[in-house]
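S.K.: Handing you a structure now.
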Amino acid sequence: MNLKEQIDILLPLKTELYKKDFLLTWEKSESDLRMILGVAQILKDMRNQNISPKVFDSGLAISQFRDNSTRTRFSFSSAANLLGLEIQDLDEGKSQIAHGETVRETANMISFLADFIGIRDDMFLGEGNKYMREVGQALDNGFAEGVLPRRPGIINLQCDIDHPTQSMADLLHLKNEFGSLENLKGKKIVMSWAYSPSYGKPLSVPQGIIGLMSRFGMNIELAYPEGYELIPEVVGLAKKQATISGGSFRISHSMKEAVKDADIVYPKSWAPFHIMQQRTKLLQKNDRAGLDALEKTCLAQNAQHKDWEYNEEKMKLTRNSDALYMHCLPADISGISCTEGEVAGEVFEKYRIKTYLEAGYKPYIIAAMMFTQQFESPLKVLQNILEKKNPRIKY
Amino acid sequence: MNLKEQIDILLPLKTELYKKDFLLTWEKSESDLRMILGVAQILKDMRNQNISPKVFDSGLAISQFRDNSTRTRFSFSSAANLLGLEIQDLDEGKSQIAHGETVRETANMISFLADFIGIRDDMFLGEGNKYMREVGQALDNGFAEGVLPRRPGIINLQCDIDHPTQSMADLLHLKNEFGSLENLKGKKIVMSWAYSPSYGKPLSVPQGIIGLMSRFGMNIELAYPEGYELIPEVVGLAKKQATISGGSFRISHSMKEAVKDADIVYPKSWAPFHIMQQRTKLLQKNDRAGLDALEKTCLAQNAQHKDWEYNEEKMKLTRNSDALYMHCLPADISGISCTEGEVAGEVFEKYRIKTYLEAGYKPYIIAAMMFTQQFESPLKVLQNILEKKNPRIKY
Amino acid sequence: MNLKEQIDILLPLKTELYKKDFLLTWEKSESDLRMILGVAQILKDMRNQNISPKVFDSGLAISQFRDNSTRTRFSFSSAANLLGLEIQDLDEGKSQIAHGETVRETANMISFLADFIGIRDDMFLGEGNKYMREVGQALDNGFAEGVLPRRPGIINLQCDIDHPTQSMADLLHLKNEFGSLENLKGKKIVMSWAYSPSYGKPLSVPQGIIGLMSRFGMNIELAYPEGYELIPEVVGLAKKQATISGGSFRISHSMKEAVKDADIVYPKSWAPFHIMQQRTKLLQKNDRAGLDALEKTCLAQNAQHKDWEYNEEKMKLTRNSDALYMHCLPADISGISCTEGEVAGEVFEKYRIKTYLEAGYKPYIIAAMMFTQQFESPLKVLQNILEKKNPRIKY
Numbered sequence: 064m065n066l067k068e069q070i071d072i073l074l075p076l077k078t079e080l081y082k083k084d085f086l087l088t089w090e091k092s093e094s095d096l097r098m099i100l101g102v103a104q105i106l107k108d109m110r111n112q113n114i115s116p117k118v119f120d121s122g123l124a125i126s127q128f129r130d131n132s133t134r135t136r137f138s139f140s141s142a143a144n145l146l147g148l149e150i151q152d153l154d155e156g157k158s159q160i161a162h163g164e165t166v167r168e169t170a171n172m173i174s175f176l177a178d179f180i181g182i183r184d185d186m187f188l189g190e191g192n193k194y195m196r197e198v199g200q201a202l203d204n205g206f207a208e209g210v211l212p213r214r215p216g217i218i219n220l221q222c223d224i225d226h227p228t229q230s231m232a233d234l235l236h237l238k239n240e241f242g243s244l245e246n247l248k249g250k251k252i253v254m255s256w257a258y259s260p261s262y263g264k265p266l267s268v269p270q271g272i273i274g275l276m277s278r279f280g281m282n283i284e285l286a287y288p289e290g291y292e293l294i295p296e297v298v299g300l301a302k303k304q305a306t307i308s309g310g311s312f313r314i315s316h317s318m319k320e321a322v323k324d325a326d327i328v329y330p331k332s333w334a335p336f337h338i339m340q341q342r343t344k345l346l347q348k349n350d351r352a353g354l355d356a357l358e359k360t361c362l363a364q365n366a367q368h369k370d371w372e373y374n375e376e377k378m379k380l381t382r383n384s385d386a387l388y389m390h391c392l393p394a395d396i397s398g399i400s401c402t403e404g405e406v407a408g409e410v411f412e413k414y415r416i417k418t419y420l421e422a423g424y425k426p427y428i429i430a431a432m433m434f435t436q437q438f439e440s441p442l443k444v445l446q447n448i449l450e451k452k453n454p455r456i457k458y
Numbered sequence: 064m065n066l067k068e069q070i071d072i073l074l075p076l077k078t079e080l081y082k083k084d085f086l087l088t089w090e091k092s093e094s095d096l097r098m099i100l101g102v103a104q105i106l107k108d109m110r111n112q113n114i115s116p117k118v119f120d121s122g123l124a125i126s127q128f129r130d131n132s133t134r135t136r137f138s139f140s141s142a143a144n145l146l147g148l149e150i151q152d153l154d155e156g157k158s159q160i161a162h163g164e165t166v167r168e169t170a171n172m173i174s175f176l177a178d179f180i181g182i183r184d185d186m187f188l189g190e191g192n193k194y195m196r197e198v199g200q201a202l203d204n205g206f207a208e209g210v211l212p213r214r215p216g217i218i219n220l221q222c223d224i225d226h227p228t229q230s231m232a233d234l235l236h237l238k239n240e241f242g243s244l245e246n247l248k249g250k251k252i253v254m255s256w257a258y259s260p261s262y263g264k265p266l267s268v269p270q271g272i273i274g275l276m277s278r279f280g281m282n283i284e285l286a287y288p289e290g291y292e293l294i295p296e297v298v299g300l301a302k303k304q305a306t307i308s309g310g311s312f313r314i315s316h317s318m319k320e321a322v323k324d325a326d327i328v329y330p331k332s333w334a335p336f337h338i339m340q341q342r343t344k345l346l347q348k349n350d351r352a353g354l355d356a357l358e359k360t361c362l363a364q365n366a367q368h369k370d371w372e373y374n375e376e377k378m379k380l381t382r383n384s385d386a387l388y389m390h391c392l393p394a395d396i397s398g399i400s401c402t403e404g405e406v407a408g409e410v411f412e413k414y415r416i417k418t419y420l421e422a423g424y425k426p427y428i429i430a431a432m433m434f435t436q437q438f439e440s441p442l443k444v445l446q447n448i449l450e451k452k453n454p455r456i457k458y
Numbered sequence: 064m065n066l067k068e069q070i071d072i073l074l075p076l077k078t079e080l081y082k083k084d085f086l087l088t089w090e091k092s093e094s095d096l097r098m099i100l101g102v103a104q105i106l107k108d109m110r111n112q113n114i115s116p117k118v119f120d121s122g123l124a125i126s127q128f129r130d131n132s133t134r135t136r137f138s139f140s141s142a143a144n145l146l147g148l149e150i151q152d153l154d155e156g157k158s159q160i161a162h163g164e165t166v167r168e169t170a171n172m173i174s175f176l177a178d179f180i181g182i183r184d185d186m187f188l189g190e191g192n193k194y195m196r197e198v199g200q201a202l203d204n205g206f207a208e209g210v211l212p213r214r215p216g217i218i219n220l221q222c223d224i225d226h227p228t229q230s231m232a233d234l235l236h237l238k239n240e241f242g243s244l245e246n247l248k249g250k251k252i253v254m255s256w257a258y259s260p261s262y263g264k265p266l267s268v269p270q271g272i273i274g275l276m277s278r279f280g281m282n283i284e285l286a287y288p289e290g291y292e293l294i295p296e297v298v299g300l301a302k303k304q305a306t307i308s309g310g311s312f313r314i315s316h317s318m319k320e321a322v323k324d325a326d327i328v329y330p331k332s333w334a335p336f337h338i339m340q341q342r343t344k345l346l347q348k349n350d351r352a353g354l355d356a357l358e359k360t361c362l363a364q365n366a367q368h369k370d371w372e373y374n375e376e377k378m379k380l381t382r383n384s385d386a387l388y389m390h391c392l393p394a395d396i397s398g399i400s401c402t403e404g405e406v407a408g409e410v411f412e413k414y415r416i417k418t419y420l421e422a423g424y425k426p427y428i429i430a431a432m433m434f435t436q437q438f439e440s441p442l443k444v445l446q447n448i449l450e451k452k453n454p455r456i457k458y
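Chains as they are written, first to last, in this note's numbering: chain A, 64 to 458; chain B, 64 to 458; chain C, 64 to 458.
Structure below.
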């Protein structure tokens, strides 16, 4: 489809993205999600055709990373830059936040000329998403009181509950791999725990996957060793959504059984929900000894599940022995990045390029989230861009 | 007033801002200051009307923060970005400055394509402002010798003596709160020391306030516990300026008495001048034990003045029990950011939004300082911008 | 020459810079090098005439500094900004690279919307240049597989072997000082080791100088105390190139003798090749004790060569007692940045401004490297820029 056709196909969608933060995929309607996928693809294709969708002449996109990040950091930067915004990092080490400033004040102080704030806060269970909403309320208040000329939009770059820029990028990848969202109906996707020599990996990726893919009629199988539960509310939600969308949702405790006839397999380590709760409390108390003890216990427990590696033997059990392997990267690859890990080296290598393609959608998903928050009629703006055809590189 | 009217009203002003660093407000004429206030307001209104005042197609604005900062950092970034410049931070940790490079050399090395350098250097009494002038001389020399194609302008983002971007933002806030600069004549402003559980806060804010507000016919009352003197030269200057401008200047040693019938109250902690001198010497010698001992003594001394809190009781003594409360933020708020502090929680909350508005002028003050240093005829350039009406956001 | 003439003079050059990384000057043809010098000068003159050569409407230029840097960092930032790219620093401290990610993966993950990657990696002998090629292969692969919409170009910002942005800036300086590249034929340039109180300085500057200047018919004299050898392959290459270009190449072990009748003197400390090899092994093993011991030995050895200071006495031996003094900066200046160093204070001061001018070419050399990698017909693009005359600053 050419760009005009891609825009036209989105015209019937009724969305409510305008001036709304993007915090959880399940707060958005299916139309909203389809719009973002569509806009992301259009922005990607425009750039590849040397058409610049720069809609901001100036403005800041603020990033706040409360955890390390390479790929999400660069995705956010790339998205902001594509639309014309300059990235400013709110580095708490450099700022006075560490000195007891309230969130409310800081949120306003940095936002006088800001258009978006991207936040990653995934370390503390029960805190990350709450923090984003707190920032949002501070901005609402600042805008209402005339402090801010506009209300900057917030984009969840990973919290304790969801990782929407990841799951939406994953969904766009699936859409392109299978031809359409409709083609995903009835497909079996396995979100499986996998062994990792490290511990404390956030729950937001598996939760984001089951919370989003359950909207599109897929048969979800969530697999993990007993005791490695996700947040119960998210699992409940995914179950309900799966039923509504005409798919199904099942939990199992064997990777081997789970992957049978799977169309898609997403093997990824995470820490059990109750462990993350304990860990959060210890982190909040800054109890180093407690944290060390917990880590030791957990690693020992993890080590009992080294057979939860996605390897050739398991791959052969999937549909045509060729289920699409997915990962948010970086994966713990046996024999490459660790001795024993989430995935066998040869399986990873087979799908390596596909995981790169998967990751490549994230900048455009973020740009689409910005674009649809910014414009009441994003498609009209895209049409204007298409008409002007302002080149990204001037030859 | 619409934008055209705002520009027209500034036309009669004779200024000498072009190609001059902004280091101290008292080095600038009243016309200079009025021009900056006017241009700042115009840039703010333009942006709010979606008119982009981007005058640079490329160029760097370098920031050098020798002390922590959130709000000034973001203000500088926002200002630079608004005008089209990219921010580059000169982080001495990352650079070779730490390895004994001379100021002269570094100033030139970073400036080949730079338009502005914003410097914050407020830790060492007798050093910050001096350092800025040293950088300025290096740049003068580099430009004269043909090393630099243009002489980057310097903006004082807080030094040991003055904090001009803060005091000018405060003045623009006052202008808008009281309707005009003329309306400030005869108004009583109290710059008062206030108790804080921390110590070593710079003198530049109170000095900046008395050094600037004394230019506009206000009745200045500087209040502090005996022993908490500011730099004598700045106090002398403020006195003289107050007389010339038709206002008055008084020092008192009771917050309670000082705030009587005040129109404006600015309660803010600072360290006594002679302590800052001692501290500077200890810092230069890196005498940790000496610094710890000094801190202990000072905190004990501060603790004798916990009654220097601006609270309801004191507020009731002010004009109509409603003097405008000002602060550069973050304030030490009793019961919120500390147990006992500069201001009572309920008083701060009453004026909280006003302090946010106050802070919101800073990006535009900085942008106006850049703009007036850059253009010999800044108003003509503003007229051009107004004619073109290039949108900040392209719909 | 005006800009049009400068462009026209380059028209006959046949170059192969398009879509090629810039990793070593000796991999480039003489036409390639002349083109880069010419384009750099044109970009510099354009900017000085307020013509903006911004060819990118958006895009990222990624910098990765595996060693401290002020001047190269700012040069890279300035170059990218001039052409319209935003700088994003890949800070390994902040990223997940430290957590075992493979180079291959990271190179792709950061590059979805990147146009250039500038890398400084000069600490480990045998590693830096290799690393850049590894990144390059990862990008080639990502582009071939459709992961990347374009293959970002790589620019060597200093490796273990060469420092091409430095040596090319040095060459442009020489071209301008002596009037033309042709005028360099037969000139004597002395690349001399000099005493420094520190140790472990990289070999890339002296190697870069002899590897580049030997292409232009100069008489190269490489001087160092016995034992302070450079990488033998680079020395061999320089010898061969000198012969081919009609110049000469000589090694001597006395600074005093070397500088006789010199036209240009480049006195600069470096660590001996074999020491750097030992140091690399110790660094890789993170053997702190071994490193300390090695440093001690080396400093003691260095101290035996304090007479390798370039001073007035030696300057008087050069052509007309006025050989052009060069340095990549910062220099170890006796009595200024150290007690005894590479150059006497009065000699440095005499040529200080010239060393600043020398440094000032680097941003434009980097911009020219980007420009010629980007465009198949860079001169045509320059002509377009010249026709449009889009102002850098809008008056």
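A virtual CB, placed ideally from N, CA and C, is assigned to each residue, including glycine.
What are the residues in the region 103-130 of chain B lying within 9 Å of chain C by C-beta distance?
M.R.: The residues in question are 117, 118, 119, 120, 121, 122, 123 and 125.
S.K.: Measure the alpha-carbon distance for residue 373 (chain C) versus residue 393 (chain B) and round it to whole angstroms.
M.R.: When rounded, the distance between both Cα atoms is 53 Å.
S.K.: Restricting to runs no shorter than 4 residues, where is the alpha helix (DSSP H) found entirely within the region 264-304 of chain A?
M.R.: DSSP runs (the alpha helix (DSSP H)) wholly in the region 264-304 of chain A: 267-276.
S.K.: Do you know how far the Cα of residue 181 (chain A) is from the Cα of residue 176 (chain C)?
M.R.: Rounded to the nearest angstrom, the two C-alpha atoms are 18 Å apart.
S.K.: Looking at the strands, I want to know which residues DSSP matches up with residue 314 (chain A).
M.R.: Answer is A:285.
S.K.: Less than 9 Å between CB atoms is the rule here; does residue 375 (chain A) satisfy it with respect to chain B?
M.R.: No, residue 375 (chain A) does not count as interfacial toward chain B.
S.K.: Since residue 254 (chain B) and residue 285 (chain B) should fall inside the 8 Å C-beta cutoff, what is the C-beta to C-beta distance between them, to a whole number of angstroms?
M.R.: Confirmed, Cβ separation roughly 5 Å.
S.K.: How long is the line joining the alpha carbons of residue 404 (chain A) and residue 318 (chain A), rounded to whole angstroms?
M.R.: One C-alpha to the other measures close to 14 Å.
S.K.: Residue 360 (chain B) and residue 390 (chain B) - do their beta-carbons sit closer together than 9 Å?
M.R.: No. Outside cutoff.
S.K.: For residue 406 (chain C), which residues of its own chain have a beta-carbon under 8 Å away from its beta-carbon, when the five flanking residues on both sides are left out?
M.R.: Cβ neighbours of residue 406 (chain C) beyond the five flanking positions: 257, 330, 372, 373, 374, 388, 390, 394, 395, 396 and 397.
S.K.: For chain C, find out if any of its Cβ atoms is closer than 9 Å to the Cβ of residue 169 (chain B); answer yes or no.
M.R.: Judged by the 9 Å Cβ criterion, residue 169 (chain B) is in contact with chain C.
S.K.: Looking at the structure shown, is residue 323 (chain A) part of a helix, part of a strand, or coil, going by DSSP?
M.R.: Residue 323 (chain A) falls in the coil class under three-state DSSP.
S.K.: Taking buried to mean at least 16 other C-beta atoms within 10 Å of its own C-beta, is residue 74 (chain B) buried or exposed?
M.R.: Its Cβ having fewer than 16 others within 10 Å, residue 74 (chain B) is exposed.
S.K.: Between the alpha carbons of residue 462 (chain A) and residue 76 (chain A), how many angstroms are there, rounded?
M.R.: Any question about residue 462 (chain A) goes unanswered here, given that chain A covers just 64 to 458.
S.K.: Does any residue of chain C have a CB that is nearer than 9 Å to the CB of residue 423 (chain A)?
M.R.: By this cut-off, residue 423 (chain A) is an interface position.
S.K.: Within 9 Å (strictly less), CB to CB, does residue 444 (chain C) reach chain A?
M.R.: It does: the Cβ of residue 444 (chain C) has a partner Cβ on chain A nearer than 9 Å.
S.K.: Using a C-beta cutoff of 9 Å, does residue 151 (chain C) count as contacting chain A?
M.R.: It does: the Cβ of residue 151 (chain C) has a partner Cβ on chain A nearer than 9 Å.
S.K.: So, helix, strand or coil for residue 118 (chain A), using DSSP?
M.R.: Residue 118 (chain A): coil per DSSP, three-state reduction.
S.K.: Residue 443 (chain A) to residue 92 (chain A), Cα distance in whole Å?
M.R.: When rounded, the distance between both Cα atoms is 21 Å.
S.K.: Between which residues of its own chain and residue 114 (chain A) is the CB-CB distance below 6 Å, once the five residues before and five after are set aside?
M.R.: The residues are 452.
S.K.: Can you find a CB in chain B that lies within less than 9 Å of the CB of residue 438 (chain C)?
M.R.: Not an interface residue.
S.K.: For residue 402 (chain B), count neighbouring C-beta atoms within 10 Å of its own C-beta (all shown protein chains included) and say buried if the count is 16 or more, exposed if not.
M.R.: Result: exposed.
S.K.: Using beta carbons (cut-off 9 Å, strictly below), is residue 455 (chain C) in contact with chain B?
M.R.: Interface residue, yes.
S.K.: Who pairs with residue 328 (chain B) in a beta bridge, going by DSSP?
M.R.: According to DSSP, which records beta bridges pairwise, residue 328 (chain B) is partnered with B:253 and B:388.
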